[in-house]
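Scroll down for the structure; my scribbles are underneath it.
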Amino acid sequence: MRHIISMLLENEAGALSRVAGLFSARGYNIESLNVAPTDDVTLSRLTLVTSGSEEIIEQIIKQLNKLVDVVKLVDLTEGPHIEREMLIIKLHATGAMRDEVKRLATDYQGRIIDKTDTTFTIEVTDSSERLDAFIEAVRAAGVIEVVRSGVSGIARGESGLRV
Amino acid sequence: MELTGADIFVRCLADEGVEYVFGYPGGAALHIYDALYKQEKVKHILVRHEQGAAHAADGYARATGRPGVVLVTSGPGVTNTVTGIATAYMDSIPLVIFSGQVPTSLIGDDAFQEVDAVGITRPCVKHNFLVKDVKDLAATIKKAFYVATTGRPGPVLVDIPKDVTAHKHEYEYPKSVIMRSYNPEIKGEPGQIKKAVEIILSAKRPMIYTGGGVILGEASDTLTDLVRLLGYPCTNTLMGLGAYPASDPLFVGMLGMHGTYEANMAMHECDVLIAIGARFDDRVTGDLNKFCPHARIIHVDIDPSSISKNVPVEVPIVGSSGAVMRDMIKLITESKIRPDKTALVAWWKQIDKWRSLNCLDYDRDSKLIKPQYVLEKLYELTDGDAYITSDVGQHQMWAAQYYKFDKPRRWINSGGLGTMGFGLPAAMGVKLAFPEATVACVTGEASIQMCIQELSTCKQYDLPIIIVNLNNRYMGMVRQWQEFFYDRRYSHSYMDALPDFIKLAEAYGHVGIKIEKPADVEGALKEAIRMKDRLVFLDFITDQTENVYPMIAAGKGQNEMHLSPHKAVVTPDRELA
């Protein structure tokens with residue numbers, strides 16, 4: 280099953296490679312990973328998407344918690360949560376396709392952030408699943424480039440991941 | 011007063027109570043070596059290869075329970091320690107390794123003797139640090155010792171660029187450490203312990219299986235109390251030998267691939283398994299699908315990630331082995347429920363039947379020296395009270411089987427990583443820690459050559475170790491597997507062109523004795539023990555065909571043991587059950 284694991288990391292050199300190295304050393308897979316500083320400059324927030332059996336996810340969480348640089352960790356998929364990913368996609372857009380692509384972008388709450396006579400560059404922020412659907416929908420136009428941020432997430436309700 | 015980083019470094023070690031540093035100098039570490047030269051508190055042992063430094067520090071740590079300390083230079087200095095670091099990591103041994111690094115201004119430039127030490131060691135350390143500023147040096151060293159020695163212990167590397175050791179800063183060694191991201195759990199959860207005790211007291215065929223965690227947790231006495239209170243059978247893993255006295259009747263021997271018949275059969279048939287400070291290693295469990303098929307399993311470990319990693323358990327308890335066992339003893343003593351006596355008598359009757367097979371018996375009439383005989387004699391002549399280090403292979407298994415360790419920290423071997431070359435340098439660390447004790451390195455002609463250069467270190471520091479070389483002219487364990495599983499195609503396991511070990515020992519300034527007849531074994535061992543001030547290299551020319559039994563082939567169940575052909579019973583499986 281797919282899990283979104285999000286953690287606060289000491290904002291130190293090498294912390295990211297400890298996390299990434301753990302996954303490669305133990306043969307776990309990472310579907311996506313992103314990391315950036317938080318409002319507290321000593322902490323980074325790292326969010327990764329992985330999948331595996333319940334036993335494997337349990338091991339992943341235990342192994343991550345064992346890393347000295349991991350301060351706090353949550354498996355967002357264990358409770359109600361919101362996940363978001365940003366997509367930037369550059370498409371061929373000529374002739375009749377221009378209107379079609381524009382219409383699809385509007386449907387998916389996307390924004391055209393750059394255009395030329397023959398291309399559109401569109402930004403969409405949504406769940407990974409919706410982004411997949413959007414890419415499929417516009418594929419016929421001709422994809423030039425796809426950039427995805429990887430999933431970020433946050434738990435619903437009042438509780439927060441803080442030190 | 012402001013001190014240089016190098017002086018701060020040495021002061022930190024002194025304030026940390028470090029007795030010995032095992033190391034080898036080089037360019038990036040020269041400021042530190044200069045600071046070492048100017049003081050006398052911290053003693054430095056110069057090895058002949060950095061791998062030897064890591065193993066020696068490791069042996070010191072295993073024997074004393076205190077952290078082992080290593081100091082090496084950048085580049086090849088630190089890469090040479092990697093095998094030693096990985097060895098310590100796999101067996102959870104507290105080491106602090108200091109490596110010199112090129113100056114911060116040159117990091118990343120492929121400078122002379124530059125290597126990414128933090129990157130290279132990351133997968134085999136508990137944690138590591140790169141110190142970029144002299145003001146962080148003392149605090150980082152304090153943290154390194156704290157992380158290495160607390161929770162599940164392990165090696166920690168501190169990489170120190172040369173300019174940091176030249177820069178000056180006010181010295182103050184922190185009294186304590188608080189790390190928001192590192193708080194190892196010590197006390198077990200009371201509810202879980204209560205649940206465990208209920209299951210323990212309801213057992214009809216119980217088994218207590220303990221590992222290195224009991225030794226690391228200084229909990230051998232507590233384990234002994236617990237086992238005796240219950241009257242349950244106890245087995246130790248290779249790493250756990252000595253945690254429970256091997257000469258005690260409640261001890262059923264080591265378990266696992268080369269464990270005793272009774273230990274493995276009791277594991278297979280038990281209805282409650284109490285695992286303490288052990289990690290269900292593949293060499294213990296065999297085929298996981300056939301592992302302890304009837305057992306409810308309780309697992310105590312300080313490392314949550316060890317629990318339910320290989321084998322799902324019913325009652326997980328995260329905590330130190332000592333604290334949890336003390337809580338268990340208290341609850342058992344207070345409980346009105348007593349273990350089922352009738353069931354326990356029947357269980358012991360069954361175990362004694364398995365035991366009566368005498369699975370470690372071997373051919374005592376052979377005209378060739380049997381390695382088992384050498385170890386039995388070594389045990390007898392040292393009153394079972396020596397520190398025994400070993401290398402890896404057949405001799406290691408025989409030492410584990412035939413030397414009955416009654417005390418913890420006496421059996422010093424590379425269990426997890428299985429590092430050939432470990433034994434001799436580890437023995438140096440032990441001998442330095444306990445100069446009055448008898449320290450023997452049980453090895454083979456293949457393993458000993460992997461760190462043979464340390465004979466020179468032994469001479470320089472006058473370390474009278476007894477080297478028991480079981481010389482069968484083969485990489486014995488490799489040869490055994492080739493005999494069993496590769497139709498006797500002995501591919502590259504034969505040691506041709508061996509050195510004359512006697513002359514070699516003499517060339518290094520030691521004593522060498524070659525023993526070729528069983529009748530001379532006892533005399534040679536006595537001679538070596540008698541020569542208290544000399545390192546004696548005993549080269550026993552042993553039976554080349556001897557194999558380690560019992561043996562569970564990889565992927566087989568615990569009740570599927572090969573027994574020695576010397577034994578009449580050849581079908582082990584439930585024959586006696």
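Protein chains in written order, with my numbering: chain A, 280 to 442; chain B, 11 to 587. Quick reminder that beta carbons are idealized off the backbone N, C-alpha and C, glycines included. A quick note: this is a predicted structure, and the numbers were derived from the prediction, not measured.
By DSSP, does residue i sit in helix, in strand, or in coil?
i	result
residue 316 of chain A	strand
residue 430 of chain B	coil
residue 70 of chain B	helix
residue 585 of chain B	Per-residue confidence for residue 585 of chain B stands at a pLDDT of 40, beneath the threshold of 50, marking its modelled position as unreliable; the derived number appears in the next sentence. Three-state result, residue 585 of chain B: coil.
residue 612 of chain B	Since the first and last residues shown for chain B are 11 and 587, residue 612 of chain B lies out of range.
residue 516 of chain B	helix
residue 499 of chain B	coil
residue 370 of chain B	coil
residue 311 of chain A	strand
residue 151 of chain B	helix
residue 280 of chain B	coil
residue 225 of chain B	helix
residue 314 of chain B	helix
residue 263 of chain B	strand
I'd like to confirm the pairing. Which residues does DSSP put opposite residue i in its beta bridges?
i	result
residue 362 of chain A	A:432
residue 171 of chain B	B:111
residue 349 of chain B	For residue 349 of chain B, which the question treats as bridged, DSSP gives no partner whatsoever.
residue 12 of chain B	B:180
Take residue i and list the residues in its own chain whose beta-carbon comes closer than 7 angstroms to its own, dropping the five residues that flank it on each side.
i	result
residue 583 of chain B	Only weak support exists for where residue 583 of chain B lies, its pLDDT of 43 falling under 50; the coordinates are left without a value.
residue 236 of chain B	335, 338, 339
residue 500 of chain B	489, 492
residue 369 of chain A	398, 400, 423, 424
residue 389 of chain B	412, 413, 414
residue 332 of chain B	227, 228, 229, 232
Given residue i, which residues of its chain have a CB within under 8 angstroms of its CB, disregarding the five upstream and five downstream residues?
i	result
residue 481 of chain B	454, 455, 508, 511, 549, 550, 551, 552
residue 397 of chain A	371, 372, 373
residue 309 of chain A	299, 302, 327, 328, 329
residue 200 of chain B	337
residue 386 of chain B	412
residue 10 of chain B	Residue 10 of chain B is absent from the model: chain B starts at 11 and stops at 587.
residue 581 of chain B	For residue 581 of chain B, the predicted model reports a pLDDT of 45, less than 50, meaning its position is unreliable; a value from the coordinates is still stated below. Taken in chain order, the list of residues that qualify is empty.
residue 379 of chain B	525, 526, 527, 528, 531, 550, 551, 552, 553
residue 283 of chain A	326, 327, 328, 354, 355, 356, 360, 362, 430, 432
Is there a Cβ of chain A sitting closer than 8 angstroms to that of residue i, yes or no?
i	result
residue 580 of chain B	Here the model assigns residue 580 of chain B a pLDDT of 42, short of 50, so the residue's position is not dependable and the matter cannot be decided.
residue 197 of chain B	no
residue 414 of chain B	no
residue 191 of chain B	yes
residue 125 of chain B	no
residue 137 of chain B	yes
residue 319 of chain B	yes
residue 140 of chain B	yes
When you compare the CB of residue i with every CB in chain B, is at least one pair closer than 8 angstroms?
i	result
residue 298 of chain A	no
residue 416 of chain A	no
residue 353 of chain A	no
residue 314 of chain A	no
residue 318 of chain A	no
residue 293 of chain A	yes
residue 388 of chain A	no
residue 405 of chain A	no
residue 357 of chain A	no
residue 289 of chain A	yes
residue 442 of chain A	yes
residue 394 of chain A	no
I'd like the list of long-range same chain contacts for residue i, defined as Cβ closer than 6 angstroms, with 5 residues on each side in sequence excluded.
i	result
residue 286 of chain A	325, 349, 352
residue 572 of chain B	561
residue 324 of chain B	306, 307
residue 175 of chain B	15, 16, 41, 42
residue 222 of chain B	249, 250
residue 309 of chain B	285, 317, 323, 326
residue 313 of chain B	162
- How do the stretch 81 to 93 of chain B and the stretch 28 to 39 of chain B stand: do at least 3 beta-carbon pairs fall below 8 angstroms, yes or no? They touch, by the three-pair rule.
- Check whether the stretch 119 to 135 of chain B touches the stretch 88 to 107 of chain B, taking contact to mean three or more Cβ pairs, one atom from each stretch, closer than 8 angstroms. The answer is yes - the stretch 88 to 107 of chain B touches the stretch 119 to 135 of chain B, with three or more Cβ pairs under 8 angstroms.
- Query: Would the stretch 25 to 32 of chain B and the stretch 395 to 406 of chain B be scored as touching if the rule is three or more Cβ pairs under 8 angstroms?
  - Reply: As far as the Cβ criterion goes, the stretch 25 to 32 of chain B does not touch the stretch 395 to 406 of chain B, which means the pair count is below three.
- Message: Does the stretch 275 to 284 of chain B come into contact with the stretch 208 to 220 of chain B, if we say contact requires no fewer than three beta-carbon pairs (one atom in each stretch) closer than 8 angstroms?
- Response: Three or more beta-carbon pairs separated by less than 8 angstroms link the stretch 275 to 284 of chain B to the stretch 208 to 220 of chain B, which places the two stretches in contact.
- Message: I'd like to know if the stretch 65 to 73 of chain B and the stretch 94 to 106 of chain B are in contact, where contact means that at least 3 CB-CB pairs between them fall below 8 angstroms.
- Response: As far as the Cβ criterion goes, the stretch 65 to 73 of chain B touches the stretch 94 to 106 of chain B, which means the pair count is three or higher.
- Determine, using beta-carbon pairs with one atom in the stretch 427 to 447 of chain B and one in the stretch 343 to 361 of chain B, whether at least three such pairs fall under 8 angstroms. In short, these stretches do not touch, since the Cβ pair count stays below three.
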